[in-house]
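Trainee: Have a look at this one.
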């Protein structure tokens, strides 16, 4: 019988990135079985947050992106959407936490 390599036979969890607001405050509002990573808006978390999300998208560490538009600037939103479009990653703009709660993966 052949040995099963790492990752084979296992189903990888969907990796979701939620961008906007204060990441820690957003975490308890979203219920999903996906592996969720939270990125604060640049205003709340500093300019490094935009670099982090873009780097994660480039590395292939994200399968889908949700942008909470009520806490993120237009230029920041545009940069994330552009990066996702280059790599074919679905991106959804949600108005806020209420819409994020009802959006299910």
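Numbering (my numbering), first residue to last: 6 to 110. By construction, the Cβ of each residue, glycine as well, lies at the ideal position given by its N, Cα and C atoms. Only a predicted model underlies this, so the values are computations on that prediction, with no experimental measurement involved.
Going straight from the alpha carbon of residue 5 to that of residue 38, what length do you get?
Mentor: The requested residue 5 does not occur in the structure, where the chain is confined to residues 6 to 110.
Trainee: By DSSP, does residue 14 sit in helix, in strand, or in coil?
Mentor: Your numbering for residue 14 matches position 9 in the chain shown. Confidence in residue 14 is poor, its pLDDT being 48 and thus under 50, which makes the residue's placement unreliable; the coordinate value appears in the next sentence. Note: residue 14 maps to coil in three-state DSSP.
Trainee: Just reading off the alpha helix (DSSP H) that residue 86 is part of, what are its end residues?
Mentor: In the chain shown, the residue the question calls residue 86 occupies position 81. Residue 86 -> alpha helix (DSSP H) spans 79-92.
Trainee: In chain order, which beta strand (DSSP E) runs of at least 3 residues are fully inside the region 41-81?
Mentor: Here the runs fully enclosed are 69-73.
Trainee: Helix, strand or coil for residue 100, going by three-state DSSP, please let me know.
Mentor: For the purposes of this step, residue 100 is identified with residue 95 of the chain shown, where counting begins at 1. Note: residue 100 maps to coil in three-state DSSP.
Trainee: So what's residue 39 in DSSP terms, helix, strand or just coil?
Mentor: Taking the chain shown and counting its residues from 1, the one referred to as residue 39 is at position 34. Coil, per DSSP.
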